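**Q** In the order they appear, the protein sequences are chains A and B. Residues 1 to 426 (the working numbering) are what the first sequence spells out, left to right. Residues 1001 to 1426 (the working numbering) are what the second sequence spells out, left to right. Note that the Cβ used here is the ideal one computed from N, Cα and C, for glycine as well. Remember, predicted model here, so these are calculated numbers, not experimental data.
There are 2 protein chains.
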Amino acid sequence: MDTRSASRQGLKIDGQRLYHTLGELGQIGSYVDEETGLSGVNRLALSAADKQGRNQVVTWMRALGLSVTVDRIGNVYGRRAGVRDDLPPVMIGSHIDSVPTAGRFDGCLGVLGGLEIVQTLNANDVHTLRPLTVAFFTDEEGCRFGTDMLGSAVATGRIALDEAYRLRDANGCVLVDELRGTGFLGAADERLTPPHAYLECHIEQGPVLRSRGVDIGVVSGVQAISWHELTITGKSAHAGTTPMYLRADAGVAAARINLKLREMISSGQFGNEMRATMGAIAPNPGLVNIVPGKVRATVDLRNPSDPHMKDAEAAIIAFYQTVEECEHVSIRWRQSARTDSVKFDDSVARRIANGATALGLSHEPITSGAGHDAQEMSRLCKTAMVFVPGEYDGISHNPREYSTMEQCARGVDVLMAVALELADES
Amino acid sequence: MDTRSASRQGLKIDGQRLYHTLGELGQIGSYVDEETGLSGVNRLALSAADKQGRNQVVTWMRALGLSVTVDRIGNVYGRRAGVRDDLPPVMIGSHIDSVPTAGRFDGCLGVLGGLEIVQTLNANDVHTLRPLTVAFFTDEEGCRFGTDMLGSAVATGRIALDEAYRLRDANGCVLVDELRGTGFLGAADERLTPPHAYLECHIEQGPVLRSRGVDIGVVSGVQAISWHELTITGKSAHAGTTPMYLRADAGVAAARINLKLREMISSGQFGNEMRATMGAIAPNPGLVNIVPGKVRATVDLRNPSDPHMKDAEAAIIAFYQTVEECEHVSIRWRQSARTDSVKFDDSVARRIANGATALGLSHEPITSGAGHDAQEMSRLCKTAMVFVPGEYDGISHNPREYSTMEQCARGVDVLMAVALELADES
């Protein structure tokens, strides 16, 4: 054991090599973004570009000596043998599929970071007690088939395989056919045997770490999410001829709900980390001189506290009724998404914090605002995540998405330190 | 002169015949509205349906013995000779083009009401001193080529002919080609020789007359109109990961402007007849989990008082600045339409009121909330309008648009009485 510890001391990945690999994968499915002039990435799950990306990563896995398994939902696992190969592995993973207007970091950092760790261990002849598996999951983004974290949800039993197979994209293409078409309809059981631990390094996709000058985010969990789809029905009317007292303006009703969300946040009544957004507002007919008779709108609520989330939901639903009465409109709403908060493993989070400190890096706990494969895996084994900061207020799902070589390398260094500790646990 | 007066006494149009003609014209361009199940009308200016409608009205004009002239902007004038045919005529007019989701009354009542008057005069062998002209103007609605009251604006010199000719619809079709294609690129000078007077009967397109139980609206003028097209630029951001203090939410900015309009109205500071509407709100990207980075929105202000309108414009423009500062967004705005209030001729309005009283009909002065060809004609000659009530809160630009046979007939009866008085003036 001492020899092992010694060989691990001060071990660092090669940031330039990692960054180069991120750049190579980012070439696949690349396009020139008209707004920014930057090169963006479009690798929708199981598209031709995703197939090419998957084949590239599998080629890299094999070149590193990993034994590659593809399961029946297209998740790919590259396994590096351990000294005790019978023990459950430590798994490092994320995804390589993308939204249609992506950068090169979202998901890829976690997967290629895992491969960089393997390469570093290989080069330094480091052998871990437990096997080390680098995984990438199918369709984390959910942009094509409508269900995010699909592959990891199937692997951990939240979504049944046959249900996933039947999903269709906007063109009617069926998921199982697309799996077959890309050559990633594997034979391995989709239900994953619990690993010893699961680790994921990801860009923050937000501005917090960068604005506080912190190197490493120790992700304590994922906040609860609640989405409402609203249909507000008032009465279309001529903007010039209809007196105000006879109007039922669905646009005004939507505006009141939007500002109520703001008011709920500043009240502090639902915790200090509540977030709320009206992202979609579509009035009908939507013409300058017609009072909107119908508005479709969305409400996105987030809260790291489940009780606060429940209270916020009750408050906004009560407000829909108030608006119905005051504005003479009717409001139908549908819960289009709802997840409770996820709490990651404290002991692994502590290891991440300690690992960062040992490497001389600053760190802070942070709650993830977005969903990740790690939240699915947390049902199966002890799980935690490392966040790295992003430039430009952490913009993501956009070609401007950007983390520096140092930011990426630091995150993967911490990941490696923690992975080694866990992989040496007997 | 006495003989003439005698033959006019108690003269009434045939309401059933008028209503039947409205129904016949309403068949042209009709469609079944999905929302209401009612038969709607779609006769966009210079479309195939409008061509068919125009040909039908011209056929009716000729059958009544009118001599038909088509000018170079497609306005159609049907002239009934006067005893003194050298005197400028009394003109009765409106339009027969429609919005894409229209009823059968908007515009058509004024034109077919004019023809009904001619038919009544013919049947009763009544001859007026001055000629009587029934007119319909090209593209009053402005839905296809973007400029409303186009034909009457060209006829009265506000818009130049060549400027009108160059207008294009959304498909790139050029107006002059469409005029030629429908066979309505006439040879007559588009600049109208001032008539003796201009009269227009129109549905109110609002709820006031109906809700007060009044038969006839004596239109005193048209209110001022001001349209702003707003482009609000904030910053797109992930709804889950972006803290509230770092957001620049263009949707919230639009909501604040929308509610400010409401507040301005209730303050009473801009008169009691101010109207304000945000009809269009289009967020980009408009997705549930993305803070809107850009919103295009419109503001429609109306006021019968020009000074109140100016004050309201100044107030909302100042508020744009407030929102820019508070919400960290930038707001560009463009004046997409602006007309001062129009005051119709007092003496003609008095005749309308007296005519209604003589027919035993209740009447009230009313300001038009919508624009009409009459406001263009008022630059050329003494002008006034008769409004008739509409059912269902006067809904218009909708297949539910509906005025009863009696409501229509009363309006045209009053119009006839006033037209005869004016046409007998030497």
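Out of A:Ala170, A:Asp85 and A:Gly146, point me to the one whose CA is closest to Glu163 (chain A)'s CA.
**A** Among A:Ala170, A:Asp85 and A:Gly146, the Cα nearest to that of Glu163 (chain A) belongs to A:Gly146.
**Q** Using only the alpha-carbon positions, how far apart do Leu175 (chain A) and Tyr165 (chain A) sit?
**A** If I take the Cα positions, the gap works out to 5 angstroms.
**Q** Look at the alpha carbon of Met1001 (chain B) and the alpha carbon of Leu1422 (chain B), and state the distance between them as a whole number of angstroms.
**A** Annotation note: pLDDT 39 at Met1001 (chain B) (below 50); position unreliable, coordinate value reported separately. Whole-angstrom Cα-Cα distance: 13 angstroms.
**Q** Quick one: Cα of Leu185 (chain A) to Cα of Asp177 (chain A), how far?
**A** Distance between the alpha carbons of Leu185 (chain A) and Asp177 (chain A): 9 angstroms.
**Q** If you drop the 5 nearest sequence neighbours on each side, which residues of the same chain put their C-beta closer than 6 angstroms to that of Phe1136 (chain B)?
**A** So the qualifying residues of the chain are Val1076, His1095, Ile1096 and Val1111.
**Q** In the stretch 1237 to 1254 of chain B, which residues sit with their C-beta less than 9 angstroms from some C-beta in chain A, listed in chain order?
**A** Result list: Ala1237, His1238, Ala1239, Gly1240, Thr1241, Thr1242, Pro1243, Met1244, Leu1246, Arg1247, Asp1249, Gly1251, Val1252 and Ala1254.
**Q** Determine, using beta carbons only, whether Thr138 (chain A) and Gly74 (chain A) come nearer to each other than 7 angstroms.
**A** Yes. Within cutoff.
**Q** How big is the Cα-Cα spacing for Ile225 (chain A) and Lys343 (chain A)?
**A** Cα to Cα, Ile225 (chain A) sits roughly 14 angstroms from Lys343 (chain A).
**Q** DSSP puts Ile1228 (chain B) in a beta bridge; with which residues?
**A** For the sequence presented, residue 1228 (chain B) should be read as His rather than Ile. Paired residue(s): B:Val1299 and B:Gln1335.
**Q** Alpha carbon to alpha carbon, how far is Ile352 (chain A) from Val83 (chain A)? Give it in angstroms, no decimals.
**A** Their backbone Cα atoms lie some 24 angstroms apart in a straight line.
**Q** Do you know how far the Cα of Leu18 (chain A) is from the Cα of Gly113 (chain A)?
**A** Looking at the two C-alpha atoms, the distance is approximately 7 angstroms.
**Q** Counting only the same chain and skipping the five closest in sequence on each side, list residues whose C-beta sits under 6 angstroms from that of Gly1078 (chain B).
**A** These residues qualify, in order along the chain: Met1061, Leu1066, Val1068 and Val1134.
**Q** Mind checking which residues open and close the beta strand (DSSP E) that includes Met1309 (chain B)?
**A** Run containing Met1309 (chain B): none in the beta strand (DSSP E); it sits in the alpha helix (DSSP H), Asp1306 to Glu1327.
**Q** Tell me whether Asp1071 (chain B) sits in a helix, a strand or coil according to DSSP, three-state version.
**A** Of the three classes helix, strand and coil, the one that applies to Asp1071 (chain B) here is strand, per DSSP.
**Q** Can you give me, in chain order, the residues of the stretch 1394 to 1411 of chain B that have a beta carbon less than 9 angstroms from any beta carbon in chain A?
**A** Going along the stretch 1394 to 1411 of chain B in chain order, one finds Gly1394, Ile1395, Ser1396, His1397 and Asn1398 with a Cβ nearer than 9 angstroms to chain A.
**Q** By the 10 Å Cβ neighbour count, where 16 or more other Cβ atoms means buried, how is Ala48 (chain A) classified, buried or exposed?
**A** That one is exposed.
**Q** So which residues on chain B does Met278 (chain A) lean against when the C-beta distance must stay under 7 angstroms?
**A** Going along chain B in sequence order, the residues near Met278 (chain A) (Cβ under 7 angstroms) are Gly1251.
**Q** Please name the residue or residues paired with Lys1343 (chain B) in a DSSP beta bridge.
**A** Its beta-bridge partners are B:Gly1221.
**Q** Along the chain, which unbroken stretches of the alpha helix (DSSP H) at least 4 residues long are found entirely within the stretch 1145 to 1214 of chain B?
**A** Those alpha helix (DSSP H) runs which fall completely within the stretch 1145 to 1214 of chain B and span 4+ residues are 1150 to 1155, 1161 to 1165, 1175 to 1182 and 1208 to 1212.
**Q** State yes or no: is the C-beta of Gly279 (chain A) within less than 7 angstroms of the C-beta of Val1288 (chain B)?
**A** Yes, Cβ-Cβ distance for Gly279 (chain A) and Val1288 (chain B) is below 7 angstroms.
**Q** Tell me the residue span of the beta strand (DSSP E) that contains Tyr77 (chain A).
**A** Start and end: Val76 to Arg80.
**Q** In the stretch 286 to 299 of chain A, which residues sit with their C-beta less than 7 angstroms from some C-beta in chain B, listed in chain order?
**A** If the cut-off is 7 angstroms between Cβ atoms, the stretch 286 to 299 of chain A has Gly286, Leu287, Val288, Asn289, Ile290, Val291, Pro292 and Thr298 near chain B.
**Q** For Ala280 (chain A), does the three-state DSSP call read helix, strand or coil?
**A** It is coil, neither helix nor strand.
**Q** With 7 angstroms set as the bound, which would you pick, yes or no: does the beta-carbon of Ile1317 (chain B) sit closer than that to a beta-carbon of chain D?
**A** The chain labelled as chain D is not found among the protein chains of the depicted structure, namely A and B.
**Q** Is the stretch 360 to 372 of chain A touching the stretch 181 to 197 of chain A in the sense that three or more CB pairs, one from each, lie closer than 8 angstroms?
**A** Because the criterion of three Cβ pairs below 8 angstroms is not met, the stretch 181 to 197 of chain A and the stretch 360 to 372 of chain A do not touch.
**Q** Can you grab the Cα-Cα spacing for the pair Thr3 (chain A) / Arg80 (chain A), in whole Å?
**A** Only weak support is given to the placement of Thr3 (chain A): the predicted model assigns it a pLDDT of 46, under 50, and the question is left unresolved by the model.
**Q** Roughly how many angstroms separate the alpha carbons of Leu11 (chain A) and Ala356 (chain A), rounded to a whole number?
**A** Straight-line Cα distance between these residues: approximately 13 angstroms.
**Q** Return helix, strand or coil for Thr138 (chain A), following the three-state DSSP convention.
**A** Of the three classes helix, strand and coil, the one that applies to Thr138 (chain A) here is coil, per DSSP.
**Q** Out of A:Ile290, A:Glu263 and A:His328, which one is the CA nearest neighbour of Ala312 (chain A)?
**A** Residue A:Glu263 is the option with its Cα nearest to Ala312 (chain A).
**Q** Using CA atoms only, rank isn't needed, just tell me which of B:Val1219, B:Leu1044 and B:Gly1234 is closest to Thr241 (chain A).
**A** Residue B:Val1219 is the option with its Cα nearest to Thr241 (chain A).
**Q** Is DSSP giving Ile366 (chain A) helix, strand or coil here?
**A** Strand at Ile366 (chain A).
**Q** With the cut-off set at 7 angstroms, would you say Thr120 (chain A) and Ile216 (chain A) are in Cβ contact?
**A** Result no, Cβ atoms of Thr120 (chain A) and Ile216 (chain A) do not sit closer than 7 angstroms.
**Q** Which residues mark the beginning and the end of the alpha helix (DSSP H) in which Met274 (chain A) is found?
**A** No alpha helix (DSSP H) holds Met274 (chain A); DSSP gives it neither H nor E.
**Q** What is the rounded straight-line gap between the Cα of Ala239 (chain A) and the Cα of Asn1124 (chain B)?
**A** So the two alpha carbons sit approximately 42 angstroms from each other.
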